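J.: To convert a position in the sequence shown, counted from 1, into the numbering used here, add 820. We treat Cβ as the ideally placed atom computed from N, Cα and C, and that holds for glycine. All values reported here derive from a predicted model rather than from experimental measurement.
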Amino acid sequence: MNTIMETPEDAFADGTMKEQSVLIARFTDEELIVLSREPGVAVFPVLHSMSEDHQKVATQTAYRSLTARGIIQVVDGSEAEWSISFDNGGKIPDETVTFSLPEIISNLIDVRDGASNVVAIARTTAESEQYKYIYVADGAVLEEEVNSTGLHSFSVAEYPYLHKAILSWALHPDASDGSGAPIFCGDPEEIIPPVELLEILGESLVRSDLIIRTDNSENPLLVGLFSGPAGTWMSQVELGSQQQVSIDPVAVELVSQIISELISPMISH
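1. For glutamate 851, is the classification buried or exposed, using 16 other Cβ atoms within 10 angstroms of its Cβ as the cut-off for buried?
2. Going by Cα to Cα distance, which pick from Ile1087, Ile925, Ala845 is closest to proline 965?
3. Would you mind stating whether alanine 985 and isoleucine 954 have Cβ atoms separated by less than 8 Å?
4. Using a 10 Å radius around the Cβ and a threshold of 16 neighbouring Cβ atoms, would you call glycine 910 buried or exposed?
5. Put serine 1084 into one of helix, strand or coil per three-state DSSP.
6. Valine 1065 and valine 1057: beta carbons closer than 8 Å?
7. What distance in whole Å lies between the Cβ atoms of leucine 1017 and isoleucine 1003, which are believed to be in contact at a cut-off of 8 Å?
8. Could you pull the start and end residues of the beta strand (DSSP E) that serine 1047 belongs to?
9. In angstroms with no decimal places, state the Cα-to-Cα distance between threonine 1034 and valine 961.
10. Starting from the Cα of alanine 935, find the closest Cα among Thr945, Glu923, Val956 and give me that residue.
11. Just to check my reading of the structure: arginine 1026 and threonine 969 have Cβ atoms closer than 8 Å, yes? What is that Cβ distance to the nearest angstrom?
12. From histidine 874 to histidine 972, what distance separates their C-alpha atoms?
13. So the alpha helix (DSSP H) serine 996 belongs to, where does it begin and stop?
14. Just to confirm the assignment, what range does the alpha helix (DSSP H) spanning threonine 848 have?
15. Which residue from Ile1032, Ala888, Glu923, Ile925 puts its Cα closest to that of serine 1080?
16. Could you tell me which residues DSSP pairs with arginine 943 in its beta bridges?
17. List the DSSP bridge partners of glycine 1022.
18. Compare the C-beta of serine 1028 against all C-beta atoms of chain B and say whether one is closer than 8 Å.
19. Give the list of continuous beta strand (DSSP E) stretches no shorter than 3 residues that lie fully inside the segment 873-899.
20. Can you tell which of Val1015, Asp994, Leu1041, Asp849 has the C-alpha that lies nearest to the C-alpha of asparagine 937?
21. Restricting to Cα atoms, I'd like to know which of Val1043, Glu947, Tyr979, Ala1050 is closest to glycine 998.
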């Protein structure tokens, strides 16, 4: 499997990325933590399940592999070693190592590390849990999709694709309009959905937790979506809020409108 895909210049030129994203690179947990200046908001499911000693071995091995494949080019006489220690989720690289990257990867890392407009989505089904992070900067959309094996797939698109990217990931493909009374939840970050929703949606339930952070918002917004063929429910609360949350039945079209309004500052920025 190639780590770096084709440069997506042709897709920009013919308008492809207004309708879909274009895959540009894939990295493992260990490789990405070496390449990035900061861990960022994304999860590292495999790396963070290791002991600290195993993390060091894994990242050193990833560094050597990236160097051998020519993705990392060591400069300034730096020693070809890499050491990472984790402190509260952060990383501290060995300062004696200086390296350069291909332009497409360097740009990817710059957007990932520096974007102030970010949508983070954790999607849970009966079979799996997956994550998507959408970074918006300088007229482009960068997607980072993370699976349970610790593989991070990066794709790029243009602004018009942003709304579609969120809805297609966050909603059940056969989601229908919700109905009935609101359901109340004491903790918006509770892992287990309310019993009432489990009874209605059953094993078809797709739960998506979205954190929407824009560069002009003081507190990120946590949006909860619970959807399936039997209906759709939605909650909105500021991240970290301790207030009781109302999970309301909503029409799928209303979800689309609300998401559009929430991300509009990213697009108009």
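T.: According to the structure data:
1. buried
2. Reading off the sequence, residue 965 comes out as glutamate, not proline. Per the Cα distances, Ala845.
3. yes
4. Annotation note: pLDDT 49 at glycine 910 (below 50); position unreliable, coordinate value reported separately. Glycine 910 should be labelled exposed.
5. helix
6. Yes, the pair counts as a contact, with Cβ atoms nearer than the cut-off.
7. 6 Å
8. 1041-1048 is the span of the beta strand (DSSP E), which, as asked, contains serine 1047.
9. 14 Å
10. Val956
11. The residue you asked about is not arginine; residue 1026 is valine in the sequence shown. Wrong, their Cβ atoms sit about 21 Å apart, outside the cutoff.
12. 20 Å
13. Where serine 996 is concerned, there is no enclosing alpha helix (DSSP H), given that its DSSP letter is neither H nor E.
14. Looking at the DSSP string, threonine 848 is not in any alpha helix (DSSP H); the run it does join, the beta strand (DSSP E), is 842-848.
15. Ile1032
16. Gln950, Ser1028
17. According to DSSP, which records beta bridges pairwise, glycine 1022 is partnered with nothing at all.
18. In summary, chain B is missing from the structure at hand, where a single protein chain is found.
19. none
20. Leu1041
21. Ala1050
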